[in-house]
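Peer 1:
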Amino acid sequence: MNRNEQESVLTLCLLAAFADGGQNDVERAELKRIAESLPNGDLQPVALYHRVLLGQAKVESAAAALTSAPQRQLAYEMAVCVCEADDALSEAEKSFLAQLRRELRLDAAATATIETQADQLTTEPLSAPPVIPATAAAISTAASTVVGADLEKMILNYAILNGALELLPETLATMAIIPLQMKMVYRVGKAHGYKLNRGHIKDLLATAGVGLTSQVVEGYARKLLGGLLGKVGGGMLRSVGKQVAGSAMTFATTWALGKMAVQYYAGGRKLSAIEMRSLFGSLTEQAHGLHGHYAAAIRDKAGSLNLTQLLPLIREQQ
Numbered sequence: 027m028n029r030n031e032q033e034s035v036l037t038l039c040l041l042a043a044f045a046d047g048g049q050n051d052v053e054r055a056e057l058k059r060i061a062e063s064l065p066n067g068d069l070q071p072v073a074l075y076h077r078v079l080l081g082q083a084k085v086e087s088a089a090a091a092l093t094s095a096p097q098r099q100l101a102y103e104m105a106v107c108v109c110e111a112d113d114a115l116s117e118a119e120k121s122f123l124a125q126l127r128r129e130l131r132l133d134a135a136a137t138a139t140i141e142t143q144a145d146q147l148t149t150e151p152l153s154a155p156p157v158i159p160a161t162a163a164a165i166s167t168a169a170s171t172v173v174g175a176d177l178e179k180m181i182l183n184y185a186i187l188n189g190a191l192e193l194l195p196e197t198l199a200t201m202a203i204i205p206l207q208m209k210m211v212y213r214v215g216k217a218h219g220y221k222l223n224r225g226h227i228k229d230l231l232a233t234a235g236v237g238l239t240s241q242v243v244e245g246y247a248r249k250l251l252g253g254l255l256g257k258v259g260g261g262m263l264r265s266v267g268k269q270v271a272g273s274a275m276t277f278a279t280t281w282a283l284g285k286m287a288v289q290y291y292a293g294g295r296k297l298s299a300i301e302m303r304s305l306f307g308s309l310t311e312q313a314h315g316l317h318g319h320y321a322a323a324i325r326d327k328a329g330s331l332n333l334t335q336l337l338p339l340i341r342e343q344q
């Protein structure tokens, strides 16, 4: 994509992020941070962010700059995934996507698959149907096993998998990171005797300063500016090097989130919001230092992933 096309796609991503009009302070702060952290070349992410925030960016003009069918389809896929990142679509988001579909000249058949897949990821249950142990002793033994070394290994595995997903060019690969993070937190809570739902987990992430929508926007922005989106085969391999920063960020966020959840639930959920933000920040710094040790494992994992089986992959993480 040339600069104008990149600008248009990123603008549509940001418009999608604000489409429901209900972004909280965490998401706004994260979207601003993302814009400020992205490389500023010919494209000026901070200026784009302010144009969207002030209502100066329009769907019509952004869509009109995308002239090829693959670009229009990609832009719509990204917008759908951004809108669905934090929950099922609101009426305002449905209206935005309907307008975007018209402006991009896409018919229902061309967009049905991505809409269905994104909705399935958003509504995927946090846990598999329970297997009930025969005795109370079995319950106690299972819990103590998970809370120990297995729990640490589980968190690392989620971090490696999410870092690997960020190296892939498919739009759904980035969107899948949120459901996986939520499943990880659910499993941590369950291991400490807490049965969580999506609302509990979203509140925990927000308290720590982790945005759902903003994570997806950041993943797409880094892939877009790194030339990774839409590439396949050898083209993808040549672009992976440019996406290392995005993968490292995702690895660190996932690992820090899992470790923070362990301390929070093991301690009886007594950490204050300030303590949680401080803890998450220090754990994120620690995770960035660990990334180099697992970079090869992340690349190997990315090479083995089959994104045509994305939903089964997520269901396997139980």
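Per this note's numbering, the sequence shown starts with residue 27, numbered consecutively. We put the CB at the ideal spot given by N, CA and C, even for glycine.
1. With a cut-off of 8 Å, do at least 3 Cβ pairs link the stretch 74 to 85 to the stretch 216 to 233?
2. On the criterion of 16 or more Cβ atoms from any shown chain inside 10 Å, does E119 qualify as buried, or is it exposed?
3. May I have the straight-line CA-CA distance separating Y246 from T200, to the nearest angstrom?
4. May I ask which residues mark the beginning and end of the alpha helix (DSSP H) holding V72?
5. According to the neighbour-count rule (16 or more other Cβ atoms, all chains shown, within 10 Å of its Cβ), is A278 buried or exposed?
6. On the three-pair Cβ rule with 8 Å, is the stretch 49 to 68 touching the stretch 231 to 244?
7. Determine the extent of the alpha helix (DSSP H) in which Q207 is found, giving its start and end residues.
8. Return the CA-CA distance between M210 and I204, expressed in angstroms with no decimal places.
9. Rounding to the nearest angstrom, what Cα-Cα distance links R303 and G253 in this structure?
10. From which residue to which residue does the alpha helix (DSSP H) around S34 run?
11. For the ligand PLP, I want to know if L206 counts as a neighbour, meaning its beta carbon is within less than 8 Å of at least one of the ligand's heavy atoms.
12. If you compare alpha carbons, which of L194, D176 and M286 is closest to T358?
13. Taking the C-alpha atoms as reference points, what is the distance between T244 and C39?
Peer 2: In short, the structure shows the following:
1. no
2. buried
3. 7 Å
4. P71 to L79
5. buried
6. yes
7. I203 to A217
8. 10 Å
9. 33 Å
10. R29 to A43
11. Questions concerning the ligand PLP fall outside what the structure shown contains, since it holds no ligand whatsoever.
12. Any property of residue 358 remains undetermined from this structure, which presents the chain solely from 27 to 344.
13. Residue 244 is actually Glu in this sequence, not Thr. Cα-Cα distance, rounded: 10 Å.
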